[in-house]
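Asker: Be aware that the sequence shown starts at 10, since it is given in this note's numbering, and climbs by one per residue.
Yeah, the Cβ is synthetic: ideal placement off N, Cα and C, and Gly gets one too.
Here you go, one structure.
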Amino acid sequence: MATELFLLRQLDAFMAEPNNWDFWYSQKPEPDLAKRLEQLTRHHNGHVRERAVLCLGLMGTVPALPALIERVNDWAMQVRRAARTSILRFIKPENAQSLANCLPNLFRLLDGKRDDHQSLVNQIIHFLALSENRGVLLDILVSQDKNVARAALRVLLEHQIFSEDVLFQRAKQSNDAVVRLVATNALLMRPAMVTTERIARLLKDSYAPIKQAVLHYIVEEKLPVSPSLLLPLLLDRNELVRKRAARLLTAGDVSPIKCYIAAFHDNSRKAEERGTALLGLDEQKYEHVIELALNSLDCSSVAMYKAALLVIVRNLQEDAREYLLKAFTYPSYTIARMVVKTFVKLKLYLTMADIQQSLEAAPTVKHAELCFALARRFNEWNQLILLLSHTNIKANEFTPEAVARWTLQLNRFTAQPSESQKRELLLLIEKHPAITHKDRGCIMQFIGSQ
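This is how it looks when you write it as structure tokens:
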């Protein structure tokens with residue numbers, strides 16, 4: 010207690026000096042002493058930081074642990090030493106939960122280059138691995154903080170504190186998909202622990218990589234699996250899961266194509282499921298899949314339309330250009346974004362006339378913005394002409410803002426306007442209400458007229 014009071018007096022003396030003045034400490038002081046000391050662990054004066062760290066350790070302020078761990082990698086050696094000393098004071102059974110919650114902070118220390126922190130981290134992990142404390146690590150596998158749960162699982166696996174069987178039983182209750190995946194992979198490394206019940210549970214997990222890992226294990230180990238477990242996976246949203254499930258069903262003399270056709274024609278199913286069935290038929294190289302996809306373009310469902318368009322693009326590639334242009338005017342913005350990405354990915358050719366036509370038929374403002382984004386592939390001046398010449402009333406809402414943004418980039422353009430572009434712009438600028446006086450002056454300087 011005397012040491013603590015002595016350090017607090019030293020801190021008061023330091024903070025009374027003008028050179029140590031701190032805005033947050035002086036103008037917005039924390040009422041709680043521990044909070045004030047935590048503030049001072051980030052002070053610019055190393056002597057202040059050192060004494061604040063030592064005080065927190067002597068006081069046993071558990072909530073200050075993250076701040077103390079941060080100071081272990083301080084740029085001043087004395088502060089680093091003081092932080093290590095203070096943290097070691099917390100290695101007590103009643104602090105096991107708090108230390109376990111700080112595992113992500115401790116692991117981040119290992120990336121620090123100012124000192125070797127491995128010894129400190131090992132001491133704390135060894136403490137948590139003791140028989141009276143290891144239950145804490147198991148409990149925080151279901152922590153709401155995903156970083157804490159992942160760090161705890163890392164310690165449990167690396168130090169083999171519990172068997173994979175025990176870890177899996179606890180980790181399967183976690184909300185974090187990565188924790189479940191790591192525990193699943195650890196379980197699959199022990200074939201004796203893999204039971205039919207566990208496979209059935211894992212194949213129903215919502216996280217696709219878990220299902221992928223289990224299906225891969227089944228294929229490699231040649232395990233018998235009931236078709237009733239695999240059939241729902243044919244309509245999974247993940248392509249790899251669908252393909253692996255189809256492969257296992259084929260090996261069991263069950264035709265995935267027949268299952269997909271039945272699902273596709275079942276109008277009682279959700280449109281998303283029917284769209285997935287169409288994608289599955291494409292993955293299984295069904296010969297009439299293009300015909301089914303083309304007929305599905307008349308569907309009002311976004312999910313079905315998207316699946317049909319994907320099938321058409323995969324099979325027709327460059328020849329799907331006309332279908333993509335037509336799809337751009339589909340009411341859903343999701344479809345429009347997909348069309349733009351496809352044009353860029355496949356490097357399909359576009360003309361200004363195509364973009365102009367799509368812009369005039371754009372059903373929403375967002376669709377029109379995508380048209381202007383596509384116009385950048387040509388020429389900045391063509392983009393401005395497109396901005397000023399369209400007749401889409403909905404696009405008029407953002408035309409002034411788009412022109413202003415275009416003008417801000419004017420000095421970065423490398424291409425100069427051609428004579429025909431100058432003439433066209435002169436006519437458009439003169440009568441267009443969306444151009445401000447300032448923007449008009451900037452543009453006119455470049456096209457050679459005042």
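1) When the Cα atoms are used, what is the spatial distance from glutamate 378 to leucine 334?
2) Residues in its own chain within less than 8 Å of valine 71 by CB, not counting five upstream and five downstream?
3) DSSP state of glutamine 430, grouped into three classes?
4) I'd like the list of long-range same chain contacts for tyrosine 503, defined as Cβ closer than 8 Å, with 5 residues on each side in sequence excluded.
5) Could you say which of Glu410, Met202 and Glu389 lies nearest to lysine 431 if we only look at CA atoms?
6) With a 10 Å radius around its C-beta and 16 neighbouring C-beta atoms as the bar for buried, classify tryptophan 415 as buried or exposed.
7) Is there at least one non-hydrogen atom of the ligand COA closer than 7 Å to the beta-carbon of lysine 356?
8) Report the CB separation of valine 57 from leucine 20 in whole angstroms; it is logged as a contact under 8 Å.
9) I need the boundaries of the alpha helix (DSSP H) containing tryptophan 390, first residue and last residue.
10) Please classify alanine 22 as buried or exposed, where buried requires at least 16 neighbouring CB atoms within 10 angstroms.
11) Would you call the CB atoms of tyrosine 332 and histidine 376 closer than 8 Å?
12) What do you reckon, are the CB atoms on alanine 91 and isoleucine 149 nearer than 8 Å?
13) Look at the alpha carbon of alanine 11 and the alpha carbon of leucine 67, and state the distance between them as a whole number of angstroms.
14) Are glutamate 47 and glutamine 87 close, meaning C-beta to C-beta below 8 Å?
15) Just to confirm the assignment, what range does the alpha helix (DSSP H) spanning asparagine 131 have?
16) Figure out for me which residue from Ser310, Cys308 and Asp291 has the closest Cα to the Cα of valine 322.
17) Could you tell me the distance, in whole angstroms, from the CA atom of leucine 146 to the CA atom of arginine 163?
18) Excluding the 5 residues flanking serine 183 on each side, which residues of the same chain have their C-beta closer than 7 Å to its C-beta?
19) Would you mind working out which of Ile344, Phe337, Lys356 and Ser235 sits nearest alanine 370, comparing C-alpha positions?
20) Nearest-angstrom Cα distance between serine 166 and leucine 355?
21) Is the beta carbon of alanine 271 closer than 8 Å to that of glutamate 282?
22) What does the alpha-carbon distance come out to for the pair leucine 49 and aspartate 83?
23) Output yes or no for whether 8 Å exceeds the beta carbon distance between leucine 306 and arginine 330.
24) Skipping 5 residues on each side, what residues in its chain have a beta carbon closer than 8 Å to that of histidine 168?
25) Out of curiosity, what's the CA-to-CA distance linking histidine 274 and threonine 259?
26) Since I believe arginine 199 is in contact with glutamate 173 (beta carbons under 8 Å), could you give me their beta-carbon distance rounded to a whole number of angstroms?
27) Does DSSP classify serine 277 as helix, strand or coil?
28) Give the C-beta separation of alanine 192 and phenylalanine 171 to the nearest angstrom, bearing in mind that I take them to be a contact with Cβ-Cβ under 8 Å.
29) Let me confirm a value: phenylalanine 136 is counted as buried when at least 16 other C-beta atoms fall within 10 Å, else exposed. Which label applies?
30) Check histidine 56 in the structure and name its three-state DSSP category.
31) Indicate whether proline 228 and leucine 197 have their beta-carbon atoms separated by less than 8 Å.
32) Take alanine 280 and list the residues in its own chain whose beta-carbon comes closer than 6 Å to its own, dropping the five residues that flank it on each side.
33) Spatial neighbours of glutamine 132 within its chain, please: CB distance less than 8 Å, with the 5 preceding and 5 following residues excluded, ordered by chain position.
34) Once the 5 residues before and after lysine 122 are set aside, which same chain residues still bring their CB inside 6 Å of it?
35) Could you have a look at aspartate 124 and say whether DSSP puts it in helix, strand or coil?
Answerer: Reading it off the structure:
1) 15 Å
2) The answer, listed in chain order, is Phe99, Asn104 and Ser107.
3) Glutamine 430 falls in the helix class under three-state DSSP.
4) The requested residue 503 is not part of the displayed model; the chain covers only 10 to 459.
5) Glu389
6) buried
7) Here there are no bound small molecules, and the ligand COA is not part of this structure.
8) 7 Å
9) Residues 389-398.
10) Exposed is the call here.
11) Contact: no.
12) no
13) A caution first: alanine 11 carries a pLDDT of 48, below 50, which makes its placement in the model too unreliable to give a value.
14) No. Outside cutoff.
15) 127-137
16) Asp291
17) 10 Å
18) Leu150, Val151, Ala158 and Arg189
19) Phe337
20) Residue identity check: residue 166 is leucine in the sequence provided, not serine. Cα to Cα, the separation comes out at about 44 Å.
21) no
22) 13 Å
23) No, the pair does not count as a contact, with Cβ atoms beyond the cut-off.
24) Ile134 and Ala138, listed in sequence order.
25) 21 Å
26) 5 Å
27) coil
28) Actually they are not in contact, since the Cβ atoms of alanine 192 and phenylalanine 171 sit about 11 Å apart, beyond 8 Å.
29) Label assigned to phenylalanine 136: buried.
30) Here histidine 56 sits in helix by DSSP.
31) Residue identity check: residue 228 is valine in the sequence provided, not proline. Cβ atoms of valine 228 and leucine 197: not closer than 8 Å.
32) For alanine 280, the CB contacts under 6 Å within the same chain, skipping 5 residues up- and downstream, are Ser310, Ala312 and Met313 in chain order.
33) Non-local beta-carbon contacts of glutamine 132 in its own chain, meaning distances under 8 Å to residues more than five positions away in sequence, involve Leu97 and Ile100 in chain order.
34) none
35) coil
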